[in-house]
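For reference, the structure discussed in these notes is given below.
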Amino acid sequence: MKISVSKIPEGGMNLRFEKDWKWFQDFLSEADPSNFVLDRITAACTVRRMKETVFIEGSAATTVEAPCSRCLTMATLPVSSSFKYTFSPPPAQSQEEWELSAEDLDFAYYEEDTIDLDTLIFEQIILQIPVKPLCTETCKGLCPHCGINMNVAGCRCQTKSFDERLAALKQFKVQSEKQ
Ligand SMILES: [Zn+2]
Ligand SMILES: [Zn+2]
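Each residue of the sequence shown is one higher than the last, beginning at 305 in the numbering used here.
Here you go:
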C-alpha cells in the first residue's frame, strides 16, 4: 500500500490492513530461502501530517511457524511489533549529510510524494523473526547420540557415555598401577 503524502487529510487517517504469506515472500530474495512460514499478517496505523512531515504510528502482528532450532519440531510463535516513524522529504543538502541523518531508524525520507507502507510493515515483521526459534524456552533438544527428542522420551546415552568414560578411567588406573 502506497500513501500519497499530499492526500493525507488534515485530521490524519487510520489504516488497517491484512497481508498474507505470499505477499511477504515477494520481499524475500530467492537466493535466501526462508526456513519459516507466516500466518496472516495484520497491521494498523495512524498517519498524520504536518505540512510536509508525516508521522506514522502503528503495530503489526503475525504468527511464525518454524522448526525449533533444538528439537526440529514445528514451533508456532506469535510475534508483534509497534512502530513510530517520522518521514520528511529529502533535504536539499550534500549526499554525505543525507546518509548521516538517514541512519536514524525511526526517521526516513520519502520521495515523489509517496510513502511505501508495505516495505515498512515488511521490515517490522522481519525484525521479529527469531534467528533461532525455540518451541519452548526450556526445550531439551535432540540427543546428540541417538537423535531421540528428549522432550518426548528419555534415552540411556548420557549414562552410557558416562560408563564409558568411567571404564576408560579404570583402565588408566590399572595401567598406571602396573608401572
Ligand atoms: Zn524444541
Ligand atoms: Zn540418546
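For every residue, glycine included, the Cβ atom is placed at its ideal position computed from N, Cα and C.
Could you check if residue i belongs to the surroundings of ligand 1, using beta carbon to heavy atom distance under 7 Å?
i, result
"cysteine 439", "yes"
"cysteine 447", "no"
"threonine 377", "yes"
"asparagine 455", "yes"
"arginine 374", "yes"
Out of the options, state which residue places its alpha-carbon closest to the alpha-carbon of residue i.
i, options, result
"isoleucine 429", "Leu332, Met454 and Phe391", "Leu332"
"phenylalanine 340", "Gly458, Pro395, Val383 and Ala457", "Val383"
"lysine 306", "Gln475, Glu415, Cys447 and Ala396", "Glu415"
"asparagine 455", "Cys372, Asp420 and Ile360", "Cys372"
"lysine 326", "Cys450, Leu342 and Pro448", "Leu342"
Beta carbon of residue i, beta carbon of residue j: below 8 Å?
i, j, result
"alanine 365", "threonine 346", "yes"
"proline 393", "tyrosine 413", "yes"
"cysteine 375", "glycine 445", "yes"
"lysine 388", "aspartate 410", "yes"
"phenylalanine 328", "isoleucine 360", "no"
"serine 386", "leucine 431", "no"
Ignore the nearest five residues each way along the sequence and tell me which others in residue i's own chain have a CB closer than 7 Å to its CB.
i, result
"isoleucine 312", "Val351, Arg353 and Val358"
Measure the C-alpha to C-alpha separation of residue i and residue j and round it to an integer number of angstroms.
i, j, result
"isoleucine 452", "aspartate 417", "57 Å"
"methionine 378", "cysteine 439", "7 Å"
"alanine 472", "alanine 370", "41 Å"
"threonine 367", "glycine 315", "33 Å"
"valine 309", "aspartate 420", "10 Å"
Grab me the residues of residue i's own chain with a C-beta within less than 8 Å of its C-beta, minus the 5 sequence neighbours each way, in chain order.
i, result
"glutamate 322", "Arg344, Ile345, Thr346 and Ala347"
"arginine 460", "none"
"isoleucine 425", "Lys323, Ile345, Ala347 and Ala364"
Nearer than 7 Å: is that true of the beta carbon of residue i relative to any heavy atom of ligand 2?
i, result
"cysteine 459", "yes"
"isoleucine 307", "no"
"isoleucine 452", "yes"
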